[in-house]
Amino acid sequence: MSANLSPGTENRLLAAVPQAEYELLLPYLEPVSLELKQVLYEPYEPIDYVYFPHSGIVSLLTLMADGTAVETATVGSEGMVGLPVFLGTVKTPVKAFVQVRGEGVRISAENFRVEVSQNRKRALYNLLQRYTHTLMVQMARSAACNCLHSIEQRCGRWLLMTHDRVRSDQFQLTQEFLAQMLGVRRAGVSEVASALQKAGLIRYSRGQITVIDRQSLEAVSCECYRVAKTEFNRLLQ
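Numbered per the numbering used here, the sequence shown spans residues 250 to 486.
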């Protein structure tokens, strides 16, 4: 990492901020544990904090009137949770909850809003503009993927995204949860998981997934995974 960048964080957005600028934010950042299934904000409720995960995964969900939900994006150590605050609003129809537990830092929405609005020429503001674009790309690909691609392709994409963020070949996952995230029946996910396991791509046992053959999993997945990842790397690496 370059000497002028911030070495004191595991969050890739904050790590890309010049050290001098990061030190201005530091007094407002507080460590936080992101517990499994913890809700970070509810639809149409005020967003109190902006989160920068160091580990774990946060799901952004779109909820329907009948209570069903579909995941539209995930955020890990590459990003931030609470983007609507950067965009000038404190409420959103989206729900954010912790999918995989982890650690991170948070800053109050009020302090974040002040820091960003007063310092629009600084690196963080520019980074967040680019990150906003990458999250929009992820959401757009999710919408297209849910309409156009098979359950197997969508499962492959989701497993790859999770694999990237947990930085481990093993992670906890139930078929029921994955079905909910994809907005499909559990039977469909069960059939796909069984096929992927028989093909030697994954191992599934008692709610735990082990990625065995990532290269083949990428081949099974649709292009949506690669497009979103390439765009992120192009703009933020």
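Don't be surprised by glycine CBs; every beta carbon is placed ideally from N, CA and C.
(message) Counting C-beta neighbours from all protein chains within 10 Å, is the total for Asn260 16 or more, i.e. buried, or is it exposed?
(response) On the sequence shown, position 11 is the one that residue 260 refers to. Classification of Asn260: buried, given that the 10 Å Cβ count is 16 or more.
(request) Quick one: grab the DSSP three-state call for Thr459. (result) Along the sequence shown, read from residue 1 onward, the residue named residue 459 stands at position 210. Strand at Thr459.
(request) Report the option in Gln348, Leu312, Ile356 and Tyr374 whose CA atom is closest to the CA atom of Tyr300. (result) As a first step, residue 300 must be located in the sequence shown, where it is residue number 51. Among Gln348, Leu312, Ile356 and Tyr374, the Cα nearest to that of Tyr300 belongs to Ile356.
(request) Note down, in chain order, each residue of its chain lying with its Cβ closer than 6 Å to the Cβ of Ala252, except the 5 sequence neighbours on either side. (result) Position 3 of the sequence shown, counting from 1, holds the residue named residue 252. With a pLDDT of 40 at Ala252, under the threshold of 50, the predicted position of this residue should be treated as unreliable, though the coordinate-derived value follows. There are no such residues.
(request) Enumerate in chain order the residues of its own chain whose CB-to-CB distance from Lys286 is below 7 Å, with the five nearest sequence positions on each side excluded. (result) Counting from one through the sequence shown, the residue named residue 286 turns up at place 37. Contacts found: Phe346 and Val347.
(request) Please look up how many angstroms separate the CB atoms of Leu289 and Val319, rounded, as I've assumed it's under 8 Å. (result) Taking the sequence shown and counting its residues from 1, the one referred to as residue 289 is at position 40. Taking the sequence shown and counting its residues from 1, the one referred to as residue 319 is at position 70. Contact flag wrong, Cβ pair sits at about 18 Å.
(request) Tell me whether Met430 is buried or exposed, calling it buried when 16 or more other Cβ atoms sit within 10 Å of its Cβ. (result) Working through the sequence shown from its first residue, we reach residue 430 at position 181. Result: buried.
(message) If I follow the unbroken beta strand (DSSP E) through Thr323, where does it start and stop?
(response) In the sequence shown, counting from the first residue as 1, residue 323 sits at position 74. Its beta strand (DSSP E) spans residues Ala318 to Val324.
(message) Using CA atoms only, rank isn't needed, just tell me which of Tyr293, Ala358 and Tyr474 is closest to Lys344.
(response) Walking along the sequence shown from the start, residue 344 turns up at place 95. Looking at the Cα atoms, Tyr293 is the closest of the given residues.
(request) Using the DSSP secondary-structure output, state which residues sit across from Ile451 in a beta bridge. (result) If you number the sequence shown from 1, residue 451 lands on position 202. Paired residue(s): Val460.
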